[in-house]
Each structure stands twice: as C-alpha cells, then as structure tokens.
Amino acid sequence: MNLILSAHEIGASDLPRVGGKALSLAALSRAGFRIPDFLCVTADAYRAFLDGAGLRERILLELHRKDLKEMRWEEIWDCATRIRNLFLRNPLPPDLAAALHAAAADRFGGRAVVVRSSAPDEDAPGSSFAGLHESFVNIRGTEAVVEHIRMVWASLWSDAALLYRQELGLDAGRSTMAVVVQELVAGRASGVCFSQSPTEPSQALVESVYGLNQGLVDGDVEPDRWVIDRDFGRLLSHTPAHRPRQLTATEAGVEMVSLPAEIGNHPPLTTEEVLAVYALGLKAERYFGAPQDVEWTIRGGKRYLLQSRPVTTRAQASVGDQRAWYLSLHRSFENLKDLRKKIEGEQVPAMIRAAEALAGIDLGRLSDRDLAAEIRRRWDVNHTWVNVYWADFIPFAHGIRLFGHVYNDRLKPDDPYEFVGLLTHTDLASLERNRLIGALADQVRRRPDLADCLRAGDCLEKAPEFRHALEGFIERFGDLSCSVTGGTQCEGATRPLVKILLEMASRPPAKAGSGKRAEVGELSRRFLDSFPESRRGEALELLDLARASYRLRDDDNILLGRIESQLAAAVAEGRRRLDSDGAAGEDPEALRDVLKNLDFGSRMHPAGQPAFSKGDRVRPRQLTGQPAGPGVAKGKARVVRRHADLEDFAHGEILVCDAVDPNMTFVVPLAAAVVERRGGMLIHGAIIAREYGLPCVTGIPEATSLVQTGDLLTVDGYLGIVTVGSGEL
Amino acid sequence: MEDKESIRQVLRELLSSQKLAVLSTHHSGQPYASLVAFACSDDLRYLYFVTPRTTRKFGNLTNDCRMALLVTSSANQEVDFHEAMAATVVGSAGEISGPEKEVALNRYLEKHPYLEEFARSPTCAFVQVHARTYILVKNFQHVMELHLEP
Numbered sequence: 000m001n002l003i004l005s006a007h008e009i010g011a012s013d014l015p016r017v018g019g020k021a022l023s024l025a026a027l028s029r030a031g032f033r034i035p036d037f038l039c040v041t042a043d044a045y046r047a048f049l050d051g052a053g054l055r056e057r058i059l060l061e062l063h064r065k066d067l068k069e070m071r072w073e074e075i076w077d078c079a080t081r082i083r084n085l086f087l088r089n090p091l092p093p094d095l096a097a098a099l100h101a102a103a104a105d106r107f108g109g110r111a112v113v114v115r116s117s118a119p120d121e122d123a124p125g126s127s128f129a130g131l132h133e134s135f136v137n138i139r140g141t142e143a144v145v146e147h148i149r150m151v152w153a154s155l156w157s158d159a160a161l162l163y164r165q166e167l168g169l170d171a172g173r174s175t176m177a178v179v180v181q182e183l184v185a186g187r188a189s190g191v192c193f194s195q196s197p198t199e200p201s202q203a204l205v206e207s208v209y210g211l212n213q214g215l216v217d218g219d220v221e222p223d224r225w226v227i228d229r230d231f232g233r234l235l236s237h238t239p240a241h242r243p244r245q246l247t248a249t250e251a252g253v254e255m256v257s258l259p260a261e262i263g264n265h266p267p268l269t270t271e272e273v274l275a276v277y278a279l280g281l282k283a284e285r286y287f288g289a290p291q292d293v294e295w296t297i298r299g300g301k302r303y304l305l306q307s308r309p310v311t312t313r314a315q316a317s318v319g320d321q322r323a324w325y326l327s328l329h330r331s332f333e334n335l336k337d338l339r340k341k342i343e344g345e346q347v348p349a350m351i352r353a354a355e356a357l358a359g360i361d362l363g364r365l366s367d368r369d370l371a372a373e374i375r376r377r378w379d380v381n382h383t384w385v386n387v388y389w390a391d392f393i394p395f396a397h398g399i400r401l402f403g404h405v406y407n408d409r410l411k412p413d414d415p416y417e418f419v420g421l422l423t424h425t426d427l428a429s430l431e432r433n434r435l436i437g438a439l440a441d442q443v444r445r446r447p448d449l450a451d452c453l454r455a456g457d458c459l460e461k462a463p464e465f466r467h468a469l470e471g472f473i474e475r476f477g478d479l480s481c482s483v484t485g486g487t488q489c490e491g492a493t494r495p496l497v498k499i500l501l502e503m504a505s506r507p508p509a510k511a512g513s514g515k516r517a518e519v520g521e522l523s524r525r526f527l528d529s530f531p532e533s534r535r536g537e538a539l540e541l542l543d544l545a546r547a548s549y550r551l552r553d554d555d556n557i558l559l560g561r562i563e564s565q566l567a568a569a570v571a572e573g574r575r576r577l578d579s580d581g582a583a584g585e586d587p588e589a590l591r592d593v594l595k596n597l598d599f600g601s602r603m604h605p606a607g608q609p610a611f612s613k614g615d616r617v618r619p620r621q622l623t624g625q626p627a628g629p630g631v632a633k634g635k636a637r638v639v640r641r642h643a644d645l646e647d648f649a650h651g652e653i654l655v656c657d658a659v660d661p662n663m664t665f666v667v668p669l670a671a672a673v674v675e676r677r678g679g680m681l682i683h684g685a686i687i688a689r690e691y692g693l694p695c696v697t698g699i700p701e702a703t704s705l706v707q708t709g710d711l712l713t714v715d716g717y718l719g720i721v722t723v724g725s726g727e728l
Numbered sequence: 000m001e002d003k004e005s006i007r008q009v010l011r012e013l014l015s016s017q018k019l020a021v022l023s024t025h026h027s028g029q030p031y032a033s034l035v036a037f038a039c040s041d042d043l044r045y046l047y048f049v050t051p052r053t054t055r056k057f058g059n060l061t062n063d064c065r066m067a068l069l070v071t072s073s074a075n076q077e078v079d080f081h082e083a084m085a086a087t088v089v090g091s092a093g094e095i096s097g098p099e100k101e102v103a104l105n106r107y108l109e110k111h112p113y114l115e116e117f118a119r120s121p122t123c124a125f126v127q128v129h130a131r132t133y134i135l136v137k138n139f140q141h142v143m144e145l146h147l148e149p
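Shown next, in the form of structure tokens:
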C-alpha cells in the first residue's frame, strides 16, 4: 500500500491509484516542464480512511435510503451534506494521520499549498469531472493541509459529482479519490489555454485574469480572451474584459480585492506573453500527443504549468451531458452577493409594484374585449415573473447551502443541519400571514358571537368590524381558496378561510419559533468565534447572505402568489361572464378564445390519486424519505390532493401533500407534522415545519397515493420514516 | 412504483432465490425461532416445509397454528444493510397429506432434491403455510405490506 507518492515515484501504471491529474503532473515534471512541487496522496490512503473509520457502508446506506433516480437534486444535496459530515467528523486512523502529517511537514513546512482532487474516474475518455470535485487554494500548515485532504475526499460525494457519476453509469460504491498537494505559486496573472479550441480545430484559446486562476475557474472574474491561429501561430482576436477585481491569496485562504485602475485598464498579458502561453500549451500537446487544456500562472516573469488535461474529453463530454448544469449547482460567494443585489434591489420591488398595479384595475368595469386583453397581459406578466423565479430566485437558495457548507467545515457539528437554526426566526412572509390569521382566530376564540356569524355567514350585518378585518386580510393575502401556484382552483369564496378560523378558534393558539432566540444567539456566537478576528466581517457577511437567501426561499412564493392571484382573478371574472349565459357580454368570443388558448396549468407536480384496487391489497407500513424536521408525532393523515382538501383540516392532523404550497401554510399551525413527496431539507414545507417545531419528513415518492386521509401515521422526523397504521397484523 | 404487481414480482424473486427461512412459533406465549428449508407456490399463497413431528416447532404449531416466517437475501456482509431485502410472511400452518401433499411435495423436492429421503420419512410432517400477509423490507427501512385476499 503506497499512501503518499512523489512525482518521481509515479509511473504510467499508477493511474488507478493516483488519478489522471497526478499522473499528468508527474509526466510533465519528468519531461522538464516548470511545475510547482507536489506530492500525491493516493487512493490507497482514501481507502484506508474509509475502512479505518468504518465509513464504507455508512455512505452506501445513506445513498440507498431510496433509489438515487427517485431523488430530487435537493435530496441528493442533503445526502451529500450528511456524507461530507462523516468525512469531517471521523478521525483518521493513527498510522494514516502520522504519515500524512509527516509528508506535509517534510515537503512543504509552512509554505502555502493548493489541495486538489485527482480522482481516477476524472478525465476518463468520454467524461470530464473538471470542476465537480473540490480544490482548495492557499492552505498553510500541516493540520490545515490534512483537514483539506479530507474535504477533497468528501467532494467525491458532492451532489454534482453524484449526479454526474449516475449519468455516466459509474458505480458510486467503487469510486475512489487521490489528492494532489501542490505548492501554491501565486502569480501576477493566471489563466487557461486550450492548445486547440474545443469548437474550432484550427484555433487555440488563451484566457487570463489578474491574480489567482480560481477567480476565472469559478466564473467570478471575467477573463480577457485571445484566439490564436494554430497554423501560423498568429493572434486572431482579443476580447478584453471589464477588470474591476482580482482574487488574491491572503494570510489564510483567498479574497476578492479591487484592482487599481492603472492596472485594470491594461490586459493581464502582453501579446508576447499570450503567444508564450500558447507555446506552453502547444509544448504540452506535443508531449502528450493530444490537444491540452492547461492551467498556468506567471510569477516573476516565469511561466508555471499548474495542470494539464486532454481537450478532447471536455469537448466530447459537453455533447448531450448535463455537467454544466451540475456545475451551476454551486455558486460562489461573490456570485451570490451580486445576485442578492439584483433580487433585493430590483426584482422584488418591481414584483411588488407589478402586483399592486394589477390589483388597482377594476376588472368589473372592463369590456369583454378589454378583459380578454387584460387576461392575456396578466398571463404574460405572470410568465415573466415565473421565469425570473427559476432563473434567479431558485439559484439564490444556494446562499443557504454555501453557508451550511462553511458552517459544517468550521464547527463539524453532530447534526449537519444545525446551521439552519441560525437562519430561522427571520421575518418570513408566510409567518406574518399566519400571525394575522392567528389574531383573527383569537378574536373568534374570545367572542362566541363571531363564531356564530361565521357559521351563519351573516357577519356583515352582525359584526361589521370583524368582517372588515377579514376582508382586509383577504385583500392582502387572498381568500386562501386559491392555490397560488396554478390559479385554476379558486373557488371564489371565503369558505376555507372561515372553516380554518373556526377550527383554530376551537383550540389554544399555536406559536411559531417561540423561545429559541437564545439558542440562535449561542449558535451565532460559536459560528463567528470559529473565525480568526480578521475574517469575522466576512463570516458576518456570509451569515447575512444566508438569512436573505432563507427568507427569499419563503417570500418568493408569496410574491409570485400575489401576481398569480391577480391572473386568477381576471380568469375568474372571464369565466363568470361566460357562465352567466352571455348576459353581460358584448364580445364573449374574445373571452372564450383567450381562456381556451392560454395554458393555466400548475407549475407543480400533480398530486397522486389513491393507489389501491380490488383483490389483494398493498399497504405501506414504513415509508422512508428524508429527515427534514426533528421530532416525533402521531396523528391522522390529511392527504391534500387538491387545494380544496385543506378546508377540512382539523387540529392535530398530519399534513400529507405533494409539495407544501405557500398558500397551504396557513394550516400548518393546526398540523401535528408534515409529510411531502418533494424532498429536501430546505424546501418550503421543511422551512415552515421547523418554524413551528413540527416533525417533518420529505421525499416520500408516492406519499399522496400510498397514504389515505384518516390513516394513522407516526412521523419520525429524526430518521425520516413515516409509519402507517397501528401495527396490527 | 409500489404497485401490487411489482411487489409480487420482488417477493417471487426473493422467495425463489432463498432456500432457508426462520420460522417463528410460540409455546404458551414463549416465542421460539427455528430454521426451515422452504418452497413457495407461484401465487405466493402457500409455503411449505418439512419437519420431524418430534420437534418443538411442530409441537408449537400443533397447539397454535399461527406463525411467521422470515426470508432474507442477506449474505452476512456489511453491504447487506443497503443491499439485502427481507420478507416476513404472516399466516397459519398445518400438516397436509393425501394427493394435495404429493403434488406440493414434488414441487418442494424440485427445489430441495437433497432432502428427498428426509422429506419422505414417515416421521416427518409436510407442513403447508397459508400466507395471509407479506411484509417486505428494502432500502434498510422501507416497508410495504401485501395483504392477500382470503
């Protein structure tokens, strides 16, 4: 077993042990290329850790909680997070720890290094794992180096890597990981060179940024780009970049800093340097006998080759595969900060203005023709915002994940979701709505005459001030009879709201997030204390970003709901006119036409129907999903297949649904637990359940068809298990 | 999909791939577990095993025919935790004889030809299990039940 190898000890037959990156660096070193000194922690070391810490089966158990193909990406992210925590928390076997510490100390001492993945699966023909596994730049000290070797091992099980391996049909159970620890050369300028363009074989490409290459690779720093004619070695074009900033190595880690204008006004490379970088790429191509994609840096006038891999793999893999999408699953801090500015500064205010403008139009006064045009216009407005939701709001949720990642790296908690405790108790819009319903229910609880008038439907005469308050609520949040996500299930009545108010009033009030503020303070202090003084500002900024991301995860649906409900109101008005036998209509055809031709379908997954037939019966007993909110609860199931199923929701029932729709959350204060098909720890239902301290299990594939309303359920939010029935045989 | 046919198929494959099952009976409330070589009918309604009439299991079944059988694909390896499946069969059992026995015994011996002498011994009983419910466990903790129509 060879745990650690130097460049001169690595031969061609070592590929399965050292991976393509280390193999290629060793070859380049032997051929006399100027590369930073490195050593390779082999896949044997990875296996020794897995076996020594007993992780092999624990990882497989995690991955086989259910069929990987049935898992949504968010569930895979959850699995990856739990696996990552196993890597962070389990101690290295003493022999392995001693060998790694000694090697890192002997070779690098206190010098800064880059810790990179070199998985044997990477860069195999037809695949490219470039960017899917992690690399860490500017790591100093043996302790930190060993810590980051573990993190690179863990990245073998990242969500993106799992998805990509599944796509390639690779067996996750057989994957291994080698690690390259390489001296950091922090150059003045860095970049990549494709000795042959993946799209135009007669050309080569050079891209460059000031500072570290990671800024370019992560997409945070826009590079200058040059195209070179391969036949004549001539520069064909230069696309300059806007150069306000660069990524630099700091005392520990990296930082994005502003670039002074006198530097930023000039390209990072001169023409001679571009051609010299191309010559380096070409030299690597000639050595390996195939076009190369090389990373390089320039320091003190010397060019260093940082890594080299065949271009063909990247080009081939880009045809029809989803790698680019998997890579987009991770966003850098810088990228998320920019996204936040856009969302909070522009999009959310614009969305509120759009909803208010729509609400200001008196639909009843429009002619049929104008109403038809208005429906079409609202459909377009809604469509535009749904697109913004997918393009920007959903990716912004990565702020929560980035924070979780950093929190777990710093604190290595028992519970990989401890970090969520730091994000809750923010001012979520749905909680605000639930507080207002709670206040209305409180009035009904205290005054039996209000309950009577609600039942009889004559509050307008008997308690006009209460009716007025109720209407104020409806004006702000809708009447709750309409599923905001589809806009097709509105019943145009306050019946669901009335029934829910009466049910709430018959019980003591429920409270969201009570008594946890002190805990949040403690978590927050521990998180910040885990950073050196010099980096606390950055830590606070990350926490603030994560809270904004968490808040938007809830608010975006409410915001979108306000637009959708305006579309729904116009559609309802159109249908009302057509249903009244054309009595009011001067141009019913226009209305009929628009209602027939526009698709008002839901953007959510359709809920299941009961799954059982006559004869032998299949019954679920224990359904496994993802643990999304700790706690245990027992109660009768209320399966919500259509929005109208909510109105019969009774106190102490367990909400079973396809996905907790934001317009569903008003029943959560009545619920004993939440079970949903859609999986993930950070989905809307899980967030709301945690706010109310309810056990929650998500990711049960056929929850709404296997479970029936009235079934006795036990929801184990610790293990992610829902048990059906009392257990009698 | 967790539909009836796919669950039946999984059960059929599991039961035909395994030769041994753990039988659970009781004596005056004291549970008792033992190992039996079993076979199963294609429609999953009946399972069969052979036992000398002098055994505790046979005595227990004579007093109370209610029983359970556990069949598992585990190989006593670590990977069992995520790979193996198990089925618990709940029902009742009793000795059968006559032509009904001959047909079933022949099927049984197709699966366990090495037990011919044992199975045909006059001291052995050929026991038929009438399965009522199957409880199928996979993915470590995922449990589905198949209740057969009486």
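Just so you know, the protein sequences line up as chains A and B, in that order. Quick note on numbering: numbering that gives the first Met the number 0 labels position 362 of the first sequence as 361, and the sequence is numbered without any gaps. Quick note on numbering: numbering that gives the first Met the number 0 labels position 93 of the second sequence as 92, and the sequence is numbered without any gaps. Positions of the beta carbon are idealized from the N, C-alpha and C atoms, including for glycine.
In the three-state reduction of the DSSP assignment, residue 557 of chain A falls in the helix class. The criterion of a C-beta distance shorter than 9 Å is satisfied by residue 686 of chain A and residue 427 of chain A. Per DSSP, the unbroken alpha helix (DSSP H) holding residue 57 of chain B starts and ends at 55-62. Using a C-beta cut-off of 8 Å, the region 108-118 of chain A makes no contact with the region 60-71 of chain A, since fewer than three inter-stretch Cβ pairs fall below that distance. As the crow flies, the alpha-carbon of residue 256 of chain A is around 50 Å from that of residue 671 of chain A.
Taking 9 Å as the CB threshold, residue 700 of chain A lines the interface with chain B. Within 9 Å of the CB of residue 460 of chain A, no CB atom of chain B is found; the nearest one sits about 53 Å away. Within the same chain, 71, 136 come within 6 Å of residue 85 of chain B by CB-CB distance, once the 5 residues on both sides are set aside.
Exposed is the label assigned to residue 29 of chain B, since fewer than 16 other Cβ atoms lie within 10 Å of its Cβ. In this structure the region 150-158 of chain A does not lie against the region 215-225 of chain A, because fewer than three pairs of beta carbons, one per stretch, are closer than 8 Å. Annotation: residue 134 of chain A to residue 151 of chain A spans about 7 Å, alpha carbon to alpha carbon.
Contact with chain A is found for residue 146 of chain B, since one of that chain's Cβ atoms lies less than 9 Å from the residue's Cβ.
For residue 137 of chain A, the enclosing beta strand (DSSP E) begins and ends at 134-138. In the three-state DSSP reduction, residue 163 of chain A falls in the helix class (H, G or I).
Linking residue 39 of chain B to residue 45 of chain B through their CA atoms gives a straight-line distance of about 6 Å. A distance below 8 Å between beta-carbons, with the five flanking residues on each side excluded, links residue 304 of chain A to the following residues of its chain, in chain order: 27, 32, 33, 34, 279, 283, 293, 294, 295. The continuous stretches of alpha helix (DSSP H) do not include residue 133 of chain B, which lies in the beta strand (DSSP E) extending over residues 123-137.
Between residue 619 of chain A and residue 705 of chain A, the gap from beta carbon to beta carbon is short of 9 Å. Secondary structure note for residue 340 of chain A: its alpha helix (DSSP H) is the uninterrupted segment 332-341. At least one beta carbon of chain B lies nearer than 9 Å to the beta carbon of residue 622 of chain A. With respect to residue 445 of chain A, residue 505 of chain A sits apart: the two C-beta atoms are not nearer than 9 Å.
According to the DSSP assignment, residue 228 of chain A belongs to the beta strand (DSSP E) that extends over 223-228.
Put simply, the region 160-178 of chain A does not touch the region 83-93 of chain A. Fewer than three CB pairs are less than 8 Å apart.
If the five residues before and after residue 131 of chain A are omitted, its C-beta is found closer than 6 Å to the C-beta atoms of 159, 160, 163, all from its own chain and listed in chain order.
Short of 7 Å from the beta carbon of residue 697 of chain A, and not among the five residues preceding or following it, lie these beta carbons of its own chain, in chain order: 624, 625, 627, 675, 677, 678, 679, 682, 684, 685.
Under the Cβ distance rule, residue 252 of chain A does not count among the residues neighbouring chain B, no pair being separated by less than 9 Å.
Residues 80, 81 of the same chain have their beta carbon placed closer than 8 Å to that of residue 139 of chain B, with the five preceding and five following residues left out of the count. At least 9 Å separates the beta-carbon of residue 223 of chain A from that of residue 259 of chain A. Separation of the CB atoms of residue 25 of chain A and residue 9 of chain A is rounded to 4 Å, and the pair is thereby assigned contact status at 8 Å. Under the 10 Å beta carbon count, residue 96 of chain B is surrounded by fewer than 16 other beta carbons and is classified as exposed. Rounded to the nearest whole angstrom, the CA to CA distance from residue 331 of chain A to residue 542 of chain A is 14 Å.
Proximity to residue 203 of chain A across A/29, A/182, A/188, A/233 peaks at A/233, based on C-alpha coordinates. Distance between residue 633 of chain A and residue 653 of chain A, taken at the CA atoms: about 8 Å. Within 8 Å of the CB of residue 81 of chain B, the CB atoms of chain A belong to 56, 59, 60, 62, 63, in sequence order along the chain. For residue 92 of chain B, the CB contacts under 8 Å within the same chain, skipping 5 residues up- and downstream, are 60, 64, 66, 126, 127, 128, 129 in chain order.
When DSSP states are grouped into helix, strand and coil, residue 660 of chain A belongs to the coil group.
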